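When we follow full-length UniProt numbering, the leftmost residue of the sequence shown carries the number 1, and every step to the right adds one. From the three backbone atoms N, C-alpha and C, an ideal C-beta is built for every residue, glycine too. Just so we're clear, the structure is a prediction, and the values are computed from it rather than from any experiment.
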Amino acid sequence: MDFFLLQSPPLDNTPPIIMDMDKLAQEFVQYYYNVFEQNQGNLASLYRDQSMLTFEKKKVQGAQNIAREIQNLGFGQSQHKILTLDCQPFPPGNGVIVFVSGQLKITPTDNPMMFSQVFTLFQEDGNWFVLNDIFKLNMEI
1 MDFFLLQSPP
11 LDNTPPIIMD
21 MDKLAQEFVQ
31 YYYNVFEQNQ
41 GNLASLYRDQ
51 SMLTFEKKKV
61 QGAQNIAREI
71 QNLGFGQSQH
81 KILTLDCQPF
91 PPGNGVIVFV
101 SGQLKITPTD
111 NPMMFSQVFT
121 LFQEDGNWFV
131 LNDIFKLNME
141 I
């Protein structure tokens, strides 16, 4: 199942149900990191031309550019362990902000790195996509 094809319920001016928002965020995060770990090139389907990625301080716009940038990071085989997941509606009914923190393990190293990532998920014609993606490695100073 492609996440961006997930149909959202029709908008009827009622506030989003927190449980559904949490479920959406959880399903998205699970799907995103599974795709990231299996075939980073397939991440392009989660973004649109207006989408933007900030990785550390580098900004990239557009679905294909974002997928290419992620592939060029050289992460190769990686594993994400999610430690926290929080979300809020933004703006109510049209989008969801998702904050993730966790550990990223990149083969061949055995030492996981802490990371934080923020996604803004947005609806377009009833489908969800990533409008904004901010990724940060949390390195010790």
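Beta strand (DSSP E) runs wholly inside the UniProt domain "NTF2" (24-137), at least 3 long, in chain order: 47-55, 58-61, 78-89, 95-106, 113-124, 127-137
Spatial neighbours of Q71 in its chain, beta-carbon cut-off 8 Å, leaving aside the 5 residues before and after: As a first step, residue 71 is located in the sequence shown; it is residue number 71 there, counting from the start. Hits under 8 Å: Q40, G41.
Which class does M21 belong to by DSSP, given the choice of helix, strand or coil? Your numbering for residue 21 matches position 21 in the sequence shown. Residue state, collapsed to three classes: helix.
Is the region 26-38 touching the region 71-85, taking contact as three or more C-beta pairs under 8 Å? yes
Applying the 10 Å Cβ sphere with the 16-neighbour rule, what's the burial state of M139? Along the sequence shown, one-based indexing puts residue 139 at 139. The residue is exposed, with fewer than 16 neighbouring Cβ atoms inside 10 Å.
Kindly indicate which residue of Y47, H80, R48, T120 has the alpha-carbon position closest to the one of N94. Taking the sequence shown and counting its residues from 1, the one referred to as residue 94 is at position 94. N94 has its Cα closest to that of T120, out of Y47, H80, R48, T120.
One question on the structure: do K105 and Q79 come within less than 8 Å of each other, judged by their Cβ atoms? Locating residue 105 in the sequence shown gives position 105, where the first residue counts as 1. Locating residue 79 in the sequence shown gives position 79, where the first residue counts as 1. Yes, the Cβ-Cβ distance between K105 and Q79 is below 8 Å.
Determine whether the beta carbon atoms of Q88 and I97 lie at a separation below 8 Å. By one-based count along the sequence shown, residue 88 stands at place 88. By one-based count along the sequence shown, residue 97 stands at place 97. In this structure, Q88 lies near I97, with their beta-carbon atoms less than 8 Å apart.
Hey, R48 and A67 are a contact pair by Cβ (cut 8 Å); roughly how many whole angstroms apart? Here residue 48 refers to the residue found at position 48 when the sequence shown is read from its first residue. Here residue 67 refers to the residue found at position 67 when the sequence shown is read from its first residue. In fact, because the Cβ distance is near 12 Å, the residues do not count as touching under 8 Å.
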